[in-house]
Amino acid sequence: MTSPVVDALLVLVGVAALWLGAVGFVTGATRVARSLGIPTLVVGLTVVSFGTSAPEFAVTIDAALTGNAAISLGNVVGSNVVNLGFILGGAALVRALPVSQTLVRRDTTVMVASVLVLLVFLRDGAVSRVEGALLLVALATYLAVLVRNGGDRFRPADDVDALRWFDPVRALVGLALVIGGAHALVTGGVGIATRAGVSDWVIGVTIVALGTSTPEFATSVVAAARGRTNVAAGNVVGSCVFNVFGVLGLATVIRPISVGPVGFQGTLWLLGISVVVAALFWSRDTLSRAEGGLLVALNAVDWVTDLVF
55 MTSPVVDALL VLVGVAALWL GAVGFVTGAT RVARSLGIPT LVVGLTVVSF
105 GTSAPEFAVT IDAALTGNAA ISLGNVVGSN VVNLGFILGG AALVRALPVS
155 QTLVRRDTTV MVASVLVLLV FLRDGAVSRV EGALLLVALA TYLAVLVRNG
205 GDRFRPADDV DALRWFDPVR ALVGLALVIG GAHALVTGGV GIATRAGVSD
255 WVIGVTIVAL GTSTPEFATS VVAAARGRTN VAAGNVVGSC VFNVFGVLGL
305 ATVIRPISVG PVGFQGTLWL LGISVVVAAL FWSRDTLSRA EGGLLVALNA
355 VDWVTDLVF
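Given below as structure tokens:
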């Protein structure tokens, strides 16, 4: 067993590598794709959406392959709670978020539906390969609808610079950092959980989830501060859908996940906060600072509940 200092360093190094790797991959790969003449919308729906969820992909798959199923599922569920609580709520605290009703009514409905589907799959405490494949089909369908109707929130920024000679290298190095950072974060997280006597699930929905959500946090808060409020809200909602359908779908196709009742119970909380967000978006065309504070508080209550019970 590694020492507490080594475990803590692995977590810190893992989070830093995930952050830097995701930024490098998105920037480099976006420039390469656009230089090849790939349409902006397609780049956004593939490179950008995958890039911001790359930490979740890497951590979830790494955890599944190393037999840490609770961290694998907990990372997806916990990341979505963090996205809707600390990140969306935090962005609203920075600046009240006006929200497109078209985006809200379509995408928050899909977000809530994705959690409901996951709950159905988790009724036996596991997600099988067949169920994972169905999640991937759902993602493909969702992306097809976005292509047909437009997907502005996934578009790369208009001010992305032209291709530079080192951009392909930046993309590859970024991807390598994401993969290495994911393994470091999982290894350190498991070590901390074992030493502290808490479950892998708790580590998955707290430390690991917060670490893998750093790209969404940076994107949403910066977008809110710059007044790009639809990007801030849309990035969070889209990432939540992508995490359930894409990240968890791919992970369970590679290796089925079995976590027992804790997975169902944790996903129930995710459903609750998803419904709250959807209700706030549907009832008003702006997410106020007070409502942002409510979402942050709900996330904090979830973490305290997980740690205490």
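Numbering-wise (this note's numbering), the sequence shown opens with residue 55 and increments by one.
Heads up, the beta-carbon is just placed ideally off N, CA and C, and yes, glycines get one too.
Please read these numbers as outputs of a predicted model, since none were measured by experiment.
- Message: With H, G and I counted as helix, E and B as strand and the rest as coil, what does DSSP make of residue 340?
- Response: Locating residue 340 in the sequence shown gives position 286, where the first residue counts as 1. Strand, per DSSP.
- Out of curiosity, what's the CA-to-CA distance linking residue 182 and residue 305? Position 128 of the sequence shown, counted from the first residue, corresponds to residue 182. Position 251 of the sequence shown, counted from the first residue, corresponds to residue 305. Answer to the nearest angstrom: the Cα atoms are 10 Å apart.
- Identify which residue in 335, 358 and 124 has its Cα closest to the Cα of residue 154. On the sequence shown, residue 154 is found 100 positions in, with the first residue counted as 1. By alpha-carbon distance to residue 154, the top candidate from 335, 358 and 124 is 335.
- Message: Given a cut-off of 8 Å on the beta-carbon distance, is the pair residue 330 and residue 162 in contact?
- Response: Position 276 of the sequence shown, counting from 1, holds the residue named residue 330. Position 108 of the sequence shown, counting from 1, holds the residue named residue 162. Not a contact, by the Cβ cut-off of 8 Å.
- Item | residue 193 (DSSP reduced to helix, strand or coil) | Here residue 193 is taken as the residue at index 139 of the sequence shown, counted from 1. Helix, per DSSP.
- Message: Counting C-beta neighbours from all protein chains within 10 Å, is the total for residue 203 16 or more, i.e. buried, or is it exposed?
- Response: As a position in the sequence shown, residue 203 is number 149, starting the count at 1. Exposed, since its Cβ has fewer than 16 Cβ neighbours within 10 Å.
- Message: Relative to the C-alpha of residue 128, which candidate in 295, 309, 223 and 255 has its C-alpha closest?
- Response: Counting from 1 along the sequence shown, the entry for residue 128 is found at position 74. Scanning 295, 309, 223 and 255 for the CA closest to the CA of residue 128 turns up 255.
- Query: Does the Cβ of residue 90 have 16 or more other Cβ atoms within 10 Å, making it buried, or fewer, making it exposed?
  - Reply: In the sequence shown, the residue the question calls residue 90 occupies position 36. So residue 90 counts as exposed.
- Message: With H, G and I counted as helix, E and B as strand and the rest as coil, what does DSSP make of residue 182?
- Response: By one-based count along the sequence shown, residue 182 stands at place 128. Of the three classes helix, strand and coil, the one that applies to residue 182 here is coil, per DSSP.
- Task: Keeping to the same chain, check which residues put their C-beta closer than 6 Å to that of residue 236; ignore five residues upstream and five downstream.
- Result: Taking the first residue of the sequence shown as position 1, residue 236 is located at position 182. For residue 236, where only same-chain residues beyond five positions count, the Cβ hits under 6 Å are 112, 113 and 116.
- Message: Going by beta-carbon coordinates alone, are residue 72 and residue 242 separated by less than 8 Å?
- Response: Mapped onto the sequence shown, residue 72 falls at position 18. Mapped onto the sequence shown, residue 242 falls at position 188. No.
- Task: For the stretch 225 to 239 and the stretch 293 to 309, state whether three or more C-beta atom pairs, one from each stretch, are separated by less than 8 Å.
- Result: No, because fewer than three Cβ pairs between the stretch 225 to 239 and the stretch 293 to 309 fall closer than 8 Å, the two stretches do not touch.
- Query: Which residues in the same chain as residue 310 place their Cβ atom closer than 7 Å to its Cβ, once the five residues preceding and following it in sequence are excluded?
  - Reply: Reading the sequence shown from its first residue, position 256 is the one you call residue 310. Within the same chain, residue 310 has close Cβ partners 180, 181, 182 and 183.
- Query: Which two residues bound the contiguous alpha helix (DSSP H) that contains residue 120?
  - Reply: By one-based count along the sequence shown, residue 120 stands at place 66. Residue 120: not part of any alpha helix (DSSP H); DSSP gives it neither H nor E.
- Query: Straight-line CA distance for residue 187 to residue 125?
  - Reply: Counted from its first residue, the sequence shown places residue 187 at position 133. Counted from its first residue, the sequence shown places residue 125 at position 71. Pairing residue 187 with residue 125, the inter-Cα distance amounts to about 20 Å.
- Message: Quick check on residue 356: buried or exposed, where buried means 16 or more other Cβ atoms within 10 Å of its Cβ?
- Response: Looking up residue 356 in the sequence shown gives position 302. Answer is buried; the Cβ neighbour count reaches 16.
- In angstroms, rounded to a whole number, what distance separates the CA positions of residue 348 and residue 228? The residue labelled residue 348 in the question sits at position 294 within the sequence shown. The residue labelled residue 228 in the question sits at position 174 within the sequence shown. Per the coordinates, the alpha-carbon of residue 348 lies some 35 Å from the alpha-carbon of residue 228.
- Task: Following the continuous alpha helix (DSSP H) through residue 168, name the residue where it begins and the one where it ends.
- Result: The residue labelled residue 168 in the question sits at position 114 within the sequence shown. 163 to 175 is the span of the alpha helix (DSSP H), which, as asked, contains residue 168.
- Message: Using only the alpha-carbon positions, how far apart do residue 257 and residue 244 sit?
- Response: Position 203 of the sequence shown, counted from the start, is the residue given in the question as residue 257. Position 190 of the sequence shown, counted from the start, is the residue given in the question as residue 244. The straight-line gap from Cα to Cα measures roughly 7 Å.
- Query: If we count the other Cβ atoms within 10 Å of its Cβ and call it buried at 16 or more, is residue 121 buried or exposed?
  - Reply: Counted from its first residue, the sequence shown places residue 121 at position 67. By the 16-neighbour rule on beta-carbons within 10 angstroms, residue 121 is exposed.
- Would the beta-carbon of residue 350 fall within 8 Å of that of residue 144? Residue mapping note: residue 350 aligns to position 296 of the sequence shown, counting from 1. Residue mapping note: residue 144 aligns to position 90 of the sequence shown, counting from 1. Yes. Within cutoff.
- Backbone secondary structure at residue 310 - three-state DSSP: Taking the sequence shown and counting its residues from 1, one reaches residue 310 at position 256. When secondary structure is reduced to three states using DSSP, residue 310 falls in the coil class, being assigned neither helix nor strand.
- Query: Quick one: complete alpha helix (DSSP H) runs, 4+ long, within the stretch 123 to 154?
  - Reply: Within the stretch 123 to 154, the runs of alpha helix (DSSP H) at least 4 residues long that lie entirely inside it are, in chain order, 123 to 136 and 142 to 148.
- Item | Secondary structure of residue 90, DSSP reduced to three states | For this step, residue 90 is matched to residue 36 along the sequence shown. Three-state DSSP puts residue 90 in coil, outside helix and strand.
- Contacts around residue 324, its chain only, beta-carbon distance under 7 Å, and the 5 residues preceding and following it disregarded: Here residue 324 is taken as the residue at index 270 of the sequence shown, counted from 1. Taken in chain order, the residues that qualify are 131, 134, 135 and 169.
- What are the uninterrupted segments assigned as alpha helix (DSSP H) that are 4 or more residues long and contained completely in the stretch 210 to 260, given in chain order? Runs of the alpha helix (DSSP H) lying entirely within the stretch 210 to 260 and spanning at least 4 residues, in chain order: 221 to 250 and 254 to 257.
- If you draw a straight line from the C-alpha of residue 141 to the C-alpha of residue 259, how long is it? The residue you call residue 141 lines up with position 87 of the sequence shown. The residue you call residue 259 lines up with position 205 of the sequence shown. If you take the alpha carbons of residue 141 and residue 259, they lie about 15 Å apart.
- Message: Short of 8 Å in beta carbon distance, which residues of its chain neighbour residue 361, apart from the five on each side in sequence? Order them along the chain.
- Response: By one-based count along the sequence shown, residue 361 stands at place 307. Cβ-Cβ distances below 8 Å link residue 361 to 252, 256 and 260 in the same chain, with the five nearest sequence neighbours on each side left out; the list follows chain order.
- Note down, in chain order, each residue of its chain lying with its Cβ closer than 8 Å to the Cβ of residue 318, except the 5 sequence neighbours on either side. By one-based count along the sequence shown, residue 318 stands at place 264. Answer for residue 318: 173, 176, 177 and 179, listed in chain order.
- Task: Identify whether residue 267 lies in helix, strand or coil by the three-state DSSP scheme.
- Result: Within the sequence shown, residue 267 is the residue found at index 213, counting from 1. In the structure shown, residue 267 falls within a coil segment according to DSSP collapsed to helix, strand and coil.
- Short Cβ contact (8 Å threshold) for residue 70 with residue 232: Residue mapping note: residue 70 aligns to position 16 of the sequence shown, counting from 1. Residue mapping note: residue 232 aligns to position 178 of the sequence shown, counting from 1. For residue 70 and residue 232, no; Cβs fall outside 8 Å.
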